[in-house]
Amino acid sequence: MAIGLVGRKAGMTRVFTDAGETVPVTVIEVLPNRITQVKAQDKEGYRAIQVTYGTRRPQLFSKAVNGHFAKANVGPGRALVEFRLSDADKDRADLKAGVEIKADIFKEGEKVDVTGTTIGKGFAGTMKRHNFAGGHASHGNSVSHRAPGSIGQRQTPGRVFKGKRMSGHMGNTRRTTENLRVVQIDLERNLLLVRGAVPGAAGGQVIVRPALKAARLAKRKTVAPTKPGSAQSKDPAKAGKK
5 MAIGLVGRKA
15 GMTRVFTDAG
25 ETVPVTVIEV
35 LPNRITQVKA
45 QDKEGYRAIQ
55 VTYGTRRPQL
65 FSKAVNGHFA
75 KANVGPGRAL
85 VEFRLSDADK
95 DRADLKAGVE
105 IKADIFKEGE
115 KVDVTGTTIG
125 KGFAGTMKRH
135 NFAGGHASHG
145 NSVSHRAPGS
155 IGQRQTPGRV
165 FKGKRMSGHM
175 GNTRRTTENL
185 RVVQIDLERN
195 LLLVRGAVPG
205 AAGGQVIVRP
215 ALKAARLAKR
225 KTVAPTKPGS
235 AQSKDPAKAG
245 KK
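The sequence shown begins at 5 in the working numbering and counts up by one.
Have a look at this one:
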């Protein structure tokens, strides 16, 4: 099973299927992902792999951090990211320090979750930030065309409730787009093509993981529940006596 990797959003394009259907895809360039540490249940309390990506000058890190990279026999990367391991992946021989993770850990048709940082929009009003309808264009409306309207009730409760949708900072937040299908994998250029859009601008860092909800749904479908009163729900010993 795939663990996950760190990539860079290269942009969007489209590909055509054999039936002539056009599919919008996001191109994700897989950065050089190297495993720096394998965490065990008995030592750290959980199973995970620690991955670094990209390259950076050793002068920008302390001796302790450079020693951590040297212990795994990998060059300094831009940051460290952890991916949790399941019970099925705890004994995999290919998951050890120094191993490079490439795009081939995923398969075409597999569902993935992509996490990135959305594009910052700065201070935005309620019409842009929360899709408010706005006020009337005419008929007595003069300066309240894009105003949010009333934000409270009366003397009781006499305050604005938390979570009230108002103007404020928009974007530049961490978001995850779920259940995106891997349309194509380019092993020569180490690219992933996933259907649909992913958070962030072109050139931004994204984290690709196996789809969590798709795995749970597949696991739920393997054990189909039996309906009350059906032949499968009855006692087989009593059913054989008839």
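Ideal Cβ positions, reconstructed from N, Cα and C, are used throughout, including at glycine. It should be emphasised that the depicted structure is a prediction, and the values quoted were computed from it without experimental measurement.
- For G15, the uninterrupted beta strand (DSSP E) run begins and ends at L9 to F20, by DSSP.
- Counting only the Cα atoms, H140 lies some 27 Å from K166.
- For E33, the pairing in a beta bridge is given by DSSP as R12 and L195.
- Per DSSP, reduced to three states, the secondary structure at M174 is strand.
- Below 8 Å, too few C-beta pairs join the segment 35-47 and the segment 129-147 to call them touching: fewer than three.
- The criterion of a C-beta distance shorter than 7 Å is not satisfied by V34 and L197.
- DSSP places V69 within a helical segment (H, G or I) once states are collapsed to three.
- Between V118 and V212 a beta carbon distance of about 5 Å is seen, short of the 8 Å cut, so the two are scored as contacting.
- Leaving aside the five residues that flank T56 on each side, the residues in its chain whose CB is nearer than 6 Å to its CB run, in chain order, R38, T40, G81 and L84.
- Residue range Q209 to P214 is occupied by the beta strand (DSSP E) that includes Q209.
- For G58 and L221, the gap between their C-alpha atoms comes out near 34 Å.
- Taking a C-beta distance under 7 Å as the contact criterion, V186 and E104 do not qualify as a contact pair.
- Contact between V19 and Q188 holds, since their C-beta atoms are separated by about 6 Å, short of 8 Å.
- If you check the CB distance, R199 and V29 come in under 7 Å.
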